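Okay, so here's the structure we're looking at.
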Amino acid sequence: MQENTLLRVKGLYTSFASDGRKDRATAVNGVDLTIPRRKTVGLVGESGCGKSVTALSIMGLLADNGRVDAGKALFNGEDLLALSDREMRKIRGNRISMIFQEPMTSLNPVLTVGRQISEALRLHSDISSREAKQKCIEILDKVGIPEPEKRFVCYPHQLSGGLRQRVMIGMAMVLKPDLLIADEPTTALDVSIEAQILRLMRGLQEEEGTSILMITHNLGVVAEICDEVYVMYAGEVVERADVFTLFRECAHPYTRGLMASLPRMRAKGEKLYNIRGTVPNLRAMPAGCRFSPRCDFACEKCRREKPPLEDLGNGHLCRCFFPEKGGDTL
Amino acid sequence: MSELLRAEHLVKEFPVRGGAVHAVSDVSFSIEKGETLGLVGESGCGKSTLGKLLLDLLPLTSGKVYFKEQDLSQIHGEEKRVMRRGMQMIFQDPYASLDPRMSVGQIIMEPLNAHRIGKNRRERADMARELISRVGLRPEFFIRYPHQFSGGQRQRIGIARALALNPELIICDEPVSALDVSIQAQILNLLGDLQKQLGLTYLFISHDLNVVRYLSDRVIVMFLGQICEMAGTEELYAHPRHPYTRFLLSSVPQPDPTLRNRERALLAGEASSPVDPPSGCRFHPRCPYADTVCRSEKPALRGTGDGHMCACHHPLEG
Numbered sequence: 512m513q514e515n516t517l518l519r520v521k522g523l524y525t526s527f528a529s530d531g532r533k534d535r536a537t538a539v540n541g542v543d544l545t546i547p548r549r550k551t552v553g554l555v556g557e558s559g560c561g562k563s564v565t566a567l568s569i570m571g572l573l574a575d576n577g578r579v580d581a582g583k584a585l586f587n588g589e590d591l592l593a594l595s596d597r598e599m600r601k602i603r604g605n606r607i608s609m610i611f612q613e614p615m616t617s618l619n620p621v622l623t624v625g626r627q628i629s630e631a632l633r634l635h636s637d638i639s640s641r642e643a644k645q646k647c648i649e650i651l652d653k654v655g656i657p658e659p660e661k662r663f664v665c666y667p668h669q670l671s672g673g674l675r676q677r678v679m680i681g682m683a684m685v686l687k688p689d690l691l692i693a694d695e696p697t698t699a700l701d702v703s704i705e706a707q708i709l710r711l712m713r714g715l716q717e718e719e720g721t722s723i724l725m726i727t728h729n730l731g732v733v734a735e736i737c738d739e740v741y742v743m744y745a746g747e748v749v750e751r752a753d754v755f756t757l758f759r760e761c762a763h764p765y766t767r768g769l770m771a772s773l774p775r776m777r778a779k780g781e782k783l784y785n786i787r788g789t790v791p792n793l794r795a796m797p798a799g800c801r802f803s804p805r806c807d808f809a810c811e812k813c814r815r816e817k818p819p820l821e822d823l824g825n826g827h828l829c830r831c832f833f834p835e836k837g838g839d840t841l
Numbered sequence: 053m054s055e056l057l058r059a060e061h062l063v064k065e066f067p068v069r070g071g072a073v074h075a076v077s078d079v080s081f082s083i084e085k086g087e088t089l090g091l092v093g094e095s096g097c098g099k100s101t102l103g104k105l106l107l108d109l110l111p112l113t114s115g116k117v118y119f120k121e122q123d124l125s126q127i128h129g130e131e132k133r134v135m136r137r138g139m140q141m142i143f144q145d146p147y148a149s150l151d152p153r154m155s156v157g158q159i160i161m162e163p164l165n166a167h168r169i170g171k172n173r174r175e176r177a178d179m180a181r182e183l184i185s186r187v188g189l190r191p192e193f194f195i196r197y198p199h200q201f202s203g204g205q206r207q208r209i210g211i212a213r214a215l216a217l218n219p220e221l222i223i224c225d226e227p228v229s230a231l232d233v234s235i236q237a238q239i240l241n242l243l244g245d246l247q248k249q250l251g252l253t254y255l256f257i258s259h260d261l262n263v264v265r266y267l268s269d270r271v272i273v274m275f276l277g278q279i280c281e282m283a284g285t286e287e288l289y290a291h292p293r294h295p296y297t298r299f300l301l302s303s304v305p306q307p308d309p310t311l312r313n314r315e316r317a318l319l320a321g322e323a324s325s326p327v328d329p330p331s332g333c334r335f336h337p338r339c340p341y342a343d344t345v346c347r348s349e350k351p352a353l354r355g356t357g358d359g360h361m362c363a364c365h366h367p368l369e370g
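Chains as they are written, first to last, in this note's numbering: chain A, 512 to 841; chain B, 53 to 370.
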């Protein structure tokens, strides 16, 4: 394993059972993913593409009906998926932590902010409650919360959405984890707060050297903060590239479609590109390339054979028989 | 162009214990026939409340709304019902705004029934089928229920319902915020097509500045219940005069990594509350340029040329 790799996910398959059905729905279908140290890796795709399930699988936080069917997640060389619940609890919150989209539902409403952050601290390190409080106030200050001593005794409902998300980040960062997984951390926030939170995450990363896995559907957020990007579609990685390459010359028709459907570059009255149809049902995946029914360029081969994830050079990976680097704008 | 709607000194206060939420405070503007007017601002700035006030879905505290030169507070009964056919609304959440117990056909026929349009049920059903295909759905969806549809399809159903009474003005309140990008593009294209085909006028309320830029002819920026800037779209995005507008524009994450180190405007302090809005200019506690005048005197919305209006004592250079 390379020195600078923090997490390597290999051949991850995750499926879910649902009531009254014998067959399971495969939400993640053979995902490979590498997170280098001190880098921010973006995982993008639309609702239901498997990006959150990938993260939850790594964290061992799948719902009861979910199951990792195969794969490895080598974290500093140790396979997280082979650990017992008890061993995983030592890593979670300590070496790897996670923040979610809606800070209100991920904070406990009946405990003060301070209590919740100290809980994480005292669970993973042997320190007195006074030291824990000191550390809490330091981290609240660091994530840009004004009057941290006052906020320490606040309940989540007394804080605005932006402050709550800062508390979540503080809680996630207090133990200086090696990896922070952020699942749509700014989606519920206004743009002005979003910009602050992204700046905060970037600052913490530079200071602490944390790696970040940024899960988002927002290509703007990806462009602002990520170093490398994986694009997922229907449970599979369809493209991977460094962020500059991806925005300059993405090659997969799905990624190109996503870029072309952004209103930013179009003049009023000019039509936006839209990817026809909808995301396929997990239990009824099309044969061959999973994107083929919606692809403008699909041919017989695409509908028959599954394209491999191929390297177009310099680690730019694309799952398509006819990749077109920076092809015509759609 | 002629004026379709005019809002004069609209005020909406919601009483709360020990005071009031000043949701909309002295807002005036007009909408021209056939245009798309964008209305942007962050959560709690009063933009959705404003949309509801225009449609009389909420009673005004004071102020007047004129639709086609008619003062809406002065007409009643049948006259008002007829007038209100002309203005409809599309809502943000396509999951919450459709009754789950009604079929698509019933949902679209409801306004037709309520306004007694069409001779009989059969005629109304035909009209509903036509509306369904107009928004790009299959006529056989008539008998299906909302839960059988995706978010994008539901938003199309909401649009068909809004079109049922042949409105001239449609108020779109965050119609694409809950949708994935590719679906968002489909709905934006549909709204554009319908505008061309039917000569519709839109008030497009959104927090997404990129979407508003793409769709709007003119844009209003709101902050804490007041208009801080109003201008033609290209003019506003290229030459924002109000410090808040400039700040908002520089905050939007841009899908272009080469811009990531661009200069960004910064704001001081924390957001103010509409319960106890700041004196003078409501933006002053957060404004890097605020001085004593800003703290004591409310800036008027003044023209700076080219139809560009800005409420600031010290507007930025264009």
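Every residue gets a Cβ at the ideal spot worked out from N, C-alpha and C, and that includes glycine. In this text, all values refer to a predicted model and were calculated from it rather than measured experimentally.
Cross-chain neighbours of residue i in chain B, by beta carbon under 9 Å
i: A/N729; result: V233, P305, P307
i: A/I708; result: Within chain B, no residue comes near A/I708; the closest Cβ sits about 11 Å away, beyond 9 Å.
Interface residues of chain A facing residue i [CB-CB closer than 9 Å]
i: B/L267; result: P774, K779
i: B/E94; result: D701, V702, S703, I704
Beta-carbon separation (whole angstroms), residue i vs residue j, contact threshold 8 Å
i: B/I142; j: B/L150; result: With a Cβ gap of about 11 Å, B/I142 and B/L150 do not count as contacting.
i: A/I736; j: A/M712; result: 7 Å
i: B/P340; j: B/P295; result: 7 Å
i: A/M743; j: A/L554; result: 6 Å
i: B/K120; j: B/L56; result: 7 Å
i: B/E87; j: B/D269; result: 5 Å
i: A/L618; j: A/R675; result: 6 Å
i: B/H360; j: B/A283; result: 4 Å
i: A/Y765; j: A/F802; result: 5 Å
i: A/L591; j: A/G571; result: 7 Å
Chain E within 8 Å of residue i, Cβ atoms only
i: A/P657; result: Here the protein chains are A and B, and chain E is not one of them.
Residues bridged to residue i [DSSP beta-bridge criterion]
i: A/L670; result: The partner list for A/L670 (beta bridge, DSSP) is empty, contrary to what the question assumes.
i: B/S114; result: B/V63
i: A/S526; result: A/T537, A/R578
i: B/A283; result: B/V271
i: B/C224; result: B/I142, B/F256
i: A/S842; result: Nothing about residue 842 of chain A can be reported from this structure: the residues present for chain A run from 512 to 841 only.
i: B/Q122; result: B/F119
i: B/H74; result: B/E65
i: A/R603; result: A/I607
i: B/Q278; result: B/F275
i: A/A584; result: A/V520
i: A/M725; result: A/G553, A/A693
Amino acids of chain A, ordered along the chain, whose beta-carbon sits closer than 7 Å to that of residue i
i: B/S202; result: T789
i: B/E300; result: Note that residue 300 of chain B is Leu in the sequence shown here, rather than Glu. The contacting residues are V702, S703.
beta-carbon residue i near the ligand MN non-hydrogen atom, thresh 7 Å
i: A/K562; result: In terms of ligand content, the structure shown is empty, and the ligand MN therefore cannot be addressed.
Contact list for residue i against chain B, beta-carbon separation under 8 Å
i: A/L769; result: V233, S234
i: A/K782; result: N241, G244
Chain-ordered neighbours of residue i on chain B, where CB pairs are closer than 7 Å
i: A/I786; result: S234
Proximal residues, the segment 548-575 of chain A versus chain B, C-beta separation under 7 Å: The residues in question are E557, S558.
Where the segment 313-346 of chain B meets chain A: residues whose CB sits under 8 Å from a CB there: Per Cβ criterion, the list reads R316, L319, E322, A323.
Short-range partners of chain A found in the segment 259-284 of chain B, where Cβ spacing is below 8 Å: Taking 8 Å as the Cβ-Cβ cut-off against chain A, the residues of the segment 259-284 of chain B that qualify are H259, L261, N262, V263, R265, Y266, L267, S268, D269.
Positions along the segment 236-247 of chain B whose CB lies within less than 8 Å of some CB in chain A: Flagged, chain order: Q236, A237, Q238, L240, N241, G244.
Residues in the segment 710-742 of chain A having any Cβ partner in chain B nearer than 7 Å: Within the segment 710-742 of chain A, H728, N729, L730, G731, V732, A734, E735 place their CB atoms closer than 7 Å to a CB of chain B, listed in sequence order.
Interface residues of the segment 646-679 of chain A facing chain B [CB-CB below 7 Å]: Residues P657, S671.
Given 8 Å, three or more beta-carbon pairs between the segment 606-617 of chain A and the segment 662-676 of chain A: Yes, they touch.
Cβ contact check for the segment 246-265 of chain B and the segment 323-338 of chain B: 3 or more pairs under 8 Å: Contact fails: fewer than three Cβ-Cβ distances are below 8 Å.
contact_flag[the segment 133-148 of chain B, the segment 220-239 of chain B] where n(CB pairs < 8 Å) is 3 or more: Yes, the segment 133-148 of chain B touches the segment 220-239 of chain B.
Where the segment 750-761 of chain A meets chain B: residues whose CB sits under 7 Å from a CB there: Within the segment 750-761 of chain A, the qualifying residues are V754, F755, F758.
At least three beta-carbon pairs within less than 8 Å, the segment 575-594 of chain A to the segment 619-638 of chain A: Judged by Cβ distances under 8 Å, the segment 575-594 of chain A makes no contact with the segment 619-638 of chain A, as fewer than three pairs qualify.
Touch test, the segment 652-663 of chain A against the segment 569-579 of chain A, Cβ-Cβ under 8 Å, three pairs minimum: No, they do not touch.
Validate contact between the segment 715-724 of chain A and the segment 532-539 of chain A using beta carbons, cut 8 Å, 3 pairs: Proximity of the segment 715-724 of chain A to the segment 532-539 of chain A falls short of the contact definition, fewer than three beta-carbon pairs being nearer than 8 Å.
At least 3 beta-carbon pairs within less than 8 Å: the segment 85-104 of chain B vs the segment 814-821 of chain A: Too few Cβ pairs lie closer than 8 Å, so no.
Cβ contact (3+ pairs, closer than 8 Å) linking the segment 635-650 of chain A and the segment 694-703 of chain A: Contact fails: fewer than three Cβ-Cβ distances are below 8 Å.
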